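In the numbering used here, the protein residues as written are 17 to 179. Ideal Cβ placement from N, Cα and C applies to all residues, glycine included. Please read these numbers as outputs of a predicted model, since none were measured by experiment.
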Amino acid sequence: MKKKTAMSGVYFCLAIVWFILALNGFRDNSTMKYTYLALGAMWTCIGATYLGHEEKSDATIKYYNRNAAAYTAETENLDMSGCREKFLAYVPEGGLILDWGCGCGRDSVAFLNEGYQVEAVDGSVEMCSIAGAKLGREVKCNLFDDLDEKNKYDGIWASASLL
17 MKKKTAMSGV
27 YFCLAIVWFI
37 LALNGFRDNS
47 TMKYTYLALG
57 AMWTCIGATY
67 LGHEEKSDAT
77 IKYYNRNAAA
87 YTAETENLDM
97 SGCREKFLAY
107 VPEGGLILDW
117 GCGCGRDSVA
127 FLNEGYQVEA
137 VDGSVEMCSI
147 AGAKLGREVK
157 CNLFDDLDEK
167 NKYDGIWASA
177 SLL
């Protein structure tokens with residue numbers, strides 16, 4: 017979350033610079049004043065978008081932390097085998113799968129049972145705890161913005177995570 021707040025600050029600083037240039041343009045009757053105003057507005061919107069995304073992300077994580085047990089009860093027995101089969105057609109046997117937004121660990125367990133390697137990750141501490149207990153291993157607690165791997169995984173499974 018700190019990365020988002022920092023980026024919002026950068027965009028708002030850029031907006032201030034462009035608005036100052038626009039004010040100078042008005043004083044000097046410059047034809048560039050409207051360009052500066054437009055650029056300032058653009059940077060303001062981008063900064064606000066980052067902050068809005070951060071608030072939405074916080075609300076989502078809070079929801080899953082509060083409702084982890086209920087969400088697990090509702091989803092752990094859903095039959096996702098058809099979707100997993102389609103996905104696995106593109107993953108080499110025994111390949112490494114990132115289960116991003118693993119929830120209760122339902123699909124991670126299925127992939128492990130099929131002989132694949134799995135790294136399970138979720139943004140909710142409570143969901144990580146539930147999935148970790150089910151998998152018998154650590155489940156990383158990270159957000160989508162934290163993913164910084166390149167060419168590590170043979171497949172990335174994000175079932176109902178990127179809606």
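Taking all protein chains shown into account, do 16 or more other C-beta atoms lie within 10 angstroms of the C-beta of residue i, making it buried, or fewer, making it exposed?
| i | result |
| --- | --- |
| Leu94 | exposed |
| Phe160 | exposed |
| Cys99 | exposed |
| Asp74 | exposed |
| Trp59 | The predicted position of Trp59 is uncertain, since its pLDDT is 46 and thus under 50; no value can be drawn from it. |
| Lys72 | Interpretation of Lys72 is limited by its pLDDT of 46, a score under 50 that renders its predicted location unreliable; no figure is taken from the coordinates. |
| Asp138 | buried |
| Ala147 | buried |
| Gly119 | buried |
Nearest by alpha-carbon distance to residue i: which of the options is it?
| i | options | result |
| --- | --- | --- |
| Met96 | Phe160, Arg122 and Asn158 | Arg122 |
| Gly152 | Ala176, Ala136 and Arg100 | Ala136 |
| Ala86 | Met143, Tyr132, Leu128 and Arg100 | Met143 |
| Glu109 | Ala174, Ser177 and Tyr169 | Tyr169 |
| Trp173 | Thr88, Glu154, Gly148 and Ala126 | Ala126 |
| Leu163 | Gly117, Glu154 and Ala147 | Gly117 |
| Ala149 | Glu130, Asn167, Glu101 and Ser124 | Ser124 |
| Glu154 | Asp115, Glu90, Ala89 and Thr88 | Asp115 |
| Glu101 | Glu92, Glu130 and Glu90 | Glu130 |
Which one or two residues does DSSP pair with residue i in a beta bridge?
| i | result |
| --- | --- |
| Ile172 | Leu114 |
| Cys157 | Asp138 |
Only counting the same chain, and skipping five residues up and downstream in sequence, which positions put a Cβ closer than 8 Å to that of residue i?
| i | result |
| --- | --- |
| Ser140 | Ile77, Tyr80, Asn81, Ala84 and Cys157 |
Please work out which residues of its chain come closer than 7 Å, Cβ to Cβ, to residue i, disregarding the five sequence neighbours upstream and downstream, and give them in chain order.
| i | result |
| --- | --- |
| Gly171 | Phe103, Tyr106, Val107, Gly111 and Ile113 |
| Leu128 | Val134 |
Can you find the residues in the same chain that come closer than 6 Å, C-beta to C-beta, to residue i, ignoring five residues on each side of it along the sequence?
| i | result |
| --- | --- |
| Thr88 | Cys120 and Ile146 |
| Leu92 | Leu is not the amino acid found at residue 92; the sequence shown has Glu there. Around Glu92: Cys120 and Arg122. |
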